[in-house]
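Keeping their order, the protein sequence lines are chains B and V.
Numbers 3 to 266, taken from the working numbering, label the letters of the first sequence in order.
Numbers 2 to 278, taken from the working numbering, label the letters of the second sequence in order.
C-beta atoms are modelled at their ideal positions from N, C-alpha and C, and glycine is treated no differently.
Quick notes on the structure that follows.
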Amino acid sequence: MQKPAHIFIDHVSHMYRPPRGREVLALDAVSLEVRQSEFIALLGPSGCGKSTLLYLIGGFLPVEKGEIRVDGKPVAGPGPDRGIVFQHFALFPWKTVRGNVLYGLERQGMAKAERETRAMEYIELVGLHGFEDSYPSQLSGGMKQRAAIARTLAFDPKILLMDEPFGALDAQTRGLMQMELLRIWQRAPKTVIFVTHDVQEAVLLSDRVAVMTARPGRIKTIVDTKFDKNDPDIFKNKTFVEKVDEVWNLVKDEAIKAQGKRSA
Amino acid sequence: MNSDMQTPRNGVPEMLGRLAWTIVWGFARIFSIVALLAAWEILARTGTFTPFQLPALSAVLERIWSDAVSGDLAINAGLTLYRALTGFAICAVLGIAIGMAMSRNVVANWFFDPIVSVGFPMPKIAFLPVVILWLGVYDTAKITMIVVDAIFPVIAATVIAIQGVERELIWSARNMGASKRELLHQVILPAASPQIMTGLQVALPLSLIVAVVAEMLMGGYGLGGAMITAAQFANSTSVFAGIVEIAVIGYVLIKIMVLIRRRLLIWHPEANAPATA
Chain B
3 MQKPAHIFID HVSHMYRPPR GREVLALDAV SLEVRQSEFI ALLGPSGCGK STLLYLIGGF
63 LPVEKGEIRV DGKPVAGPGP DRGIVFQHFA LFPWKTVRGN VLYGLERQGM AKAERETRAM
123 EYIELVGLHG FEDSYPSQLS GGMKQRAAIA RTLAFDPKIL LMDEPFGALD AQTRGLMQME
183 LLRIWQRAPK TVIFVTHDVQ EAVLLSDRVA VMTARPGRIK TIVDTKFDKN DPDIFKNKTF
243 VEKVDEVWNL VKDEAIKAQG KRSA
Chain V
2 MNSDMQTPRN GVPEMLGRLA WTIVWGFARI FSIVALLAAW EILARTGTFT PFQLPALSAV
62 LERIWSDAVS GDLAINAGLT LYRALTGFAI CAVLGIAIGM AMSRNVVANW FFDPIVSVGF
122 PMPKIAFLPV VILWLGVYDT AKITMIVVDA IFPVIAATVI AIQGVERELI WSARNMGASK
182 RELLHQVILP AASPQIMTGL QVALPLSLIV AVVAEMLMGG YGLGGAMITA AQFANSTSVF
242 AGIVEIAVIG YVLIKIMVLI RRRLLIWHPE ANAPATA
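This is the structure:
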């Protein structure tokens with residue numbers, strides 16, 4: 003018998019209610035099972051509800067229809083077992099890099115000496131050594147995102163929820179950060195759900211890519227993208243190119259649909 | 002790096018050059034004020050205006066000096082400052098508390114929102130006769146007038162600041178295990194502090210304005226009261242002395258507030274930006 007899923011998403015629907023105007027069906031009966039230590043990408047056009055799904059798993063939005071279970075327990079509110087990294091970092095601007103990383107450890111009630119050591123360990127892991135006393139406003143976008151990743155990794159969540167974490171970065175920084183994330187993940191495998199609209203990024207990083215439809219968001223197909231990613235010339239690797247092509251063809255129709263809806 | 006390497010080579014001359022530049026630049030920045038004061042002195046001395054209409058700046062400064070020596074200045078300025086700052090402190094504490102309550106509690110919002118909507122744009126000085134009837138003309142009445150006037154910008158700034166806190170910041174804190182109680186002082190207040198500070202920076206000069214106006218209308222000691230008394234005795238030099246004193250006090254208060262802001266918001270990008278004169 004197969005091991006029960008680590009994250010179990012069963013027919014989850016979600017209505018988005020803007021402060022003004024009609025409510026919109028953002029997610030329509032989404033079902034997905036994620037295994038332990040799996041890296042899964044949620045890929046889809048903007049507005050398809052992929053971030054909403056992530057926020058539901060994180061417990062930031064209430065699950066109104068359907069069910070989400072983590073290790074068999076239904077999600078009821080946010081918790082440090084599911085660490086989130088946001089596109090716009092969401093660092094506390096009034097705290098230094100160190101203060102940001104320490105915050106989560108303080109909330110866990112870790113002893114002072116231990117949390118200091120641990121904070122520095124993770125600041126070094128993401129390559130921010132020497133910037134621990136800088137405020138976020140003094141850092142570049144890439145450095146802010148490194149700080150945010152260090153902050154989330156430091157409290158050791160079993161599950162990492164990443165909401166387009168590299169979307170706000172320039173192309174070169176994004177490339178470096180993707181490599182960095184792969185490196186970190188290979189050292190300490192966690193279950194990762196990674197929201198993106200970048201096909202290459204999704205194929206490069208994840209074991210499986212869940213392609214979502216234009217609004218209302220459904221899971222269209224799941225593509226297996228698990229192969230050896232350690233090729234230094236990965237972008238020219240035949241398997242990689244084929245997978246990107248396959249996923250791109252699946253996403254293209256949805257992107258066009260999403261475009262059409264917006265201009266209509 | 003560059004300037005460090007040049008110091009031994011140019012040493013003293015460069016330092017003097019920099020000092021000269023600082024003085025020239027410092028003067029250039031306050032040129033308009035200096036020009037205005039010079040024009041004042043010239044217009045008074047040439048007899049364009051009578052000393053009653055416009056006493057010379059030098060005469061006014063002499064009057065300020067003699068008031069300072071006699072101790073009148075300390076009493077009047079001290080009383081005005083005491084009223085303005087006490088009123089301001091009450092506005093700060095009460096205004097932030099009401100603003101926080103309004104943002105976090107539906108009942109408080111339902112109760113206070115219409116009061117703020119009507120009260121903010123209204124000329125609160127209209128309450129002055131009522132305040133005199135109820136509270137008299139002493140400190141309580143004057144400070145009450147200040148609070149009634151200057152609390153609105155604090156409440157409004159606090160409400161807007163708290164509404165503007167990014168939900169991702171709150172979610173991050175919740176994610177790391179912050180309880181709802183901890184959220185308020187660990188996340189919401191620090192995140193809202195730049196805008197709350199802006200509200201306080203509006204309330205402080207307002208407090209001083211209302212203190213002076215209330216003193217003028219209610220009489221007694223204080224800069225405003227002293228000016229009205231001087232005017233009643235046709236003592237125009239003392240009236241102008243009061244204007245200069247109030248201008249200097251207002252300027253110093255605002256500068257102190259800017260320093261406090263930079264100190265408290267050292268993390269904010271604006272802390273690295275140059276300030277105005």
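Check                                                                                                                  : Outcome
Residue-level contact to chain V via CB, B/G60, 8 Å cutoff                                                             : yes
Straight-line Cα distance separating V/I147 from V/V211                                                                : 6 Å
Spatial distance of B/K240 from B/Q110 (CA atoms)                                                                      : 46 Å
Option in V/I116, V/N176, V/V245, V/S71 with minimal Cα separation from V/P56                                          : V/V245
Neighbourhood of B/F10 by C-beta, 6 Å cutoff - its chain only, sequence neighbours within 5 removed                    : E35, R71
heavy atom of the ligand HEM below 7 Å from V/N176 C-beta                                                              : This structure does not include the ligand HEM; it has no bound ligands of any sort.
Span of the alpha helix (DSSP H), counted from its first residue to its last, around B/K114                            : 114 to 127
Paired residues, beta bridge with B/L34 - DSSP                                                                         : B/I11
Whole runs of the beta strand (DSSP E) within the stretch 164 to 225 of chain B, excluding any shorter than 3 residues : 193 to 198, 210 to 214
Exposure of V/M16, with buried meaning 16 or more beta-carbon neighbours within 10 Å                                   : exposed
Alpha-carbon spacing of V/G251 relative to V/A78, whole angstroms                                                      : 11 Å
7 Å CB neighbourhood of B/K146 in its chain, flanking five on each side removed                                        : F91, L93, P138
Through-space distance from V/D150 to V/E216, alpha-carbon basis                                                       : 15 Å
Reference B/D200; option with closest CA among B/P167, B/Q38, B/H16                                                    : B/P167
Interface flag, V/M103 vs chain B, CB-CB below 8 Å                                                                     : no
Inside the stretch 9 to 60 of chain V only - alpha helix (DSSP H) runs reaching at least 4 residues                    : 32 to 46
Any C-beta of chain V under 8 Å from that of B/F157                                                                    : yes
Contact set between B/A152 and chain V, taken where Cβ atoms lie within less than 9 Å                                  : Going along chain V, no residue has its Cβ under 9 Å from B/A152, so there is no contact; the nearest lies around 13 Å.
Beta-carbon spacing of V/A60, V/T238 below 8 Å                                                                         : yes
For B/M17: DSSP bridge partner residues                                                                                : B/L27
Three-state class that DSSP yields for V/E246 in the structure shown                                                   : helix
For B/V87: DSSP bridge partner residues                                                                                : B/M164
Outcome for V/W22 when other beta-carbon atoms lying within 10 angstroms are tallied against a minimum of 16           : exposed
Contiguous alpha helix (DSSP H) assignments of at least 4 residues, all confined to the stretch 126 to 167 of chain V  : 129 to 136, 140 to 164
Classification of V/R30 by the beta-carbon crowding that lies within 10 angstroms, buried from 16 upward               : exposed
V/L129 versus V/I43: straight-line alpha-carbon distance, rounded                                                      : 40 Å
Per-residue contacts from B/Y124 into chain V (C-beta, under 8 Å)                                                      : Neighbours of B/Y124 on chain V: none; closest Cβ ~13 Å, over 8 Å.
Own chain, CB closer than 8 Å to B/P21, minus 5 neighbours either side, in chain order                                 : none
Proximity winner among V/N110, V/I99, V/H186, V/A174, relative to V/T159 (alpha-carbon distances)                      : V/I99
Inter-residue Cα distance where the pair is B/L130 and B/L141                                                          : 10 Å
Interface flag, B/A92 vs chain V, CB-CB below 8 Å                                                                      : yes
Own chain, CB closer than 6 Å to B/I86, minus 5 neighbours either side, in chain order                                 : G60, L163
Endpoints, the beta strand (DSSP E) within which B/G68 is located                                                      : 67 to 72
Cβ pair B/G197, B/S48 closer than 8 Å                                                                                  : In the sequence on display, residue 197 of chain B carries Val and not Gly. No, Cβ-Cβ distance for B/V197 and B/S48 is not below 8 Å.
Within-8 Å CB hit, B/F168 to chain V                                                                                   : no
8 Å Cβ cutoff, V/R64 in contact with chain B                                                                           : no
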